[in-house]
Amino acid sequence: MTTFLHIENLLENHAEIFSGIIIRNLREDLDGKEVEILELKDIDERGEVNLNNLKKIKIEIKEDNTGKIRSPKEKYFLKPKDIVIKAKSSSYSAGIMPNDTEERMIIPSSQLVVVRLKENAPILPEFLWLFLNSKKGKDEIKRKTYGSIVRFVSTDTLKKIILTYPEESKQREAVELYKKMIMRDKYIADLKKLYKEEMEYFFDSIFKDNRSY
Numbered sequence: 763m764t765t766f767l768h769i770e771n772l773l774e775n776h777a778e779i780f781s782g783i784i785i786r787n788l789r790e791d792l793d794g795k796e797v798e799i800l801e802l803k804d805i806d807e808r809g810e811v812n813l814n815n816l817k818k819i820k821i822e823i824k825e826d827n828t829g830k831i832r833s834p835k836e837k838y839f840l841k842p843k844d845i846v847i848k849a850k851s852s853s854y855s856a857g858i859m860p861n862d863t864e865e866r867m868i869i870p871s872s873q874l875v876v877v878r879l880k881e882n883a884p885i886l887p888e889f890l891w892l893f894l895n896s897k898k899g900k901d902e903i904k905r906k907t908y909g910s911i912v913r914f915v916s917t918d919t920l921k922k923i924i925l926t927y928p929e930e931s932k933q934r935e936a937v938e939l940y941k942k943m944i945m946r947d948k949y950i951a952d953l954k955k956l957y958k959e960e961m962e963y964f965f966d967s968i969f970k971d972n973r974s975y
């Protein structure tokens, strides 16, 4: 039998949680460095993050004498396995940043909240991603947020949620299964899209020469 822990305030003690940046507050500079902005549209309902069409802007980036980024604060540049949550949206979901994130300079917009787990966290980033997209996780978020149409997920909300998780080996098993289910869901969605396109083509081919006089 799998034993589950139900821990409140776990993220408050084992994660760095912060809201994204208000983009208009960034100082644009045509001679500056190009950064990419992660927005609501870049996280789908499955919790997958799409980095293919990110908004790009050039901004002034200040560094100290050691080369460390001072402005914007270095924490705002997303890292692999950061959890990015739709904080101000009518369609809630949580994404996880892919492994190649660190090769790019990606900043979250203010509509997102970032959860960056510490190394000593008892829950894996991938399992936290799974939990936040599960019905149990969504119900826990909903119980502590407000807004009837556009729900607002605050950093304080995430600090207080009750996390439910098993031992690490079971977490890994669940994550692998979840990834396979996402792949299957995408495959079914592609089949439905293809079917719809074929049906439209079929009807068009029948009636394209049927003209009214």
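Residues 763 to 975 in the numbering used here are what the sequence shown lists, from first letter to last.
Note that beta-carbon positions come from the ideal geometry of N, C-alpha and C, so glycine has one too.
| Asked | Found |
| --- | --- |
| Contact belief for residue 968 with residue 933 at Cβ below 8 Å, rounded distance in angstroms | Actually they do not touch by this definition, with Cβ atoms about 53 Å apart. |
| Distance between beta carbons of residue 859 and residue 880, contact taken as under 8 Å | Their Cβ separation, rounded to whole angstroms, is 16 Å, which puts residue 880 and residue 859 out of contact at 8 Å. |
| Proximity of residue 923 and residue 768 at Cβ, strictly below 7 Å | no |
| Every unbroken alpha helix (DSSP H) within the segment 871–935, with a cutoff of 4 residues, ordered by chain | 887–895, 897–905 and 917–922 |
| For residue 875 and residue 936, the rounded distance between their alpha carbons | 24 Å |
| Separation of residue 959 from residue 782, as counted between CA atoms | 38 Å |
| First through last residue of the alpha helix (DSSP H) which encompasses residue 774 | 772–776 |
| Selection from 780, 819 and 779 that minimises the alpha carbon distance to residue 790 | 819 |
| Those residues which DSSP pairs with residue 796 across a bridge | 820 |
| Nearest-angstrom beta carbon gap, residue 785 and residue 799 [assumed within contact, 8 Å] | 6 Å |
| 7 Å Cβ cutoff met for residue 887 and residue 766 | no |
| 6 Å CB neighbourhood of residue 764 in its chain, flanking five on each side removed | 928 and 932 |
| Of the residues 773, 771, 801 and 946, the one placed nearest residue 848, counting alpha carbons only | 801 |
| Selection from 897, 872, 868 and 889 that minimises the alpha carbon distance to residue 815 | 868 |
| Sequence-distant residues of its chain with Cβ nearer than 8 Å to residue 921 (five each side left out) | 771, 773, 774 and 779 |
| Given residue 862 as reference, the closest of 813, 777, 955 and 808 once Cα atoms are compared | 813 |
| Whole-angstrom distance between residue 917 and residue 777, CA atom to CA atom | 11 Å |
| Opening and closing residue of the beta strand (DSSP E) in which residue 856 lies | 856–858 |
| For residue 857, the nearest candidate out of 956, 891 and 901 (CA to CA) | 891 |
| Cβ-Cβ separation, residue 845 to residue 877 (assumed contact under 8 Å), whole Å | 4 Å |
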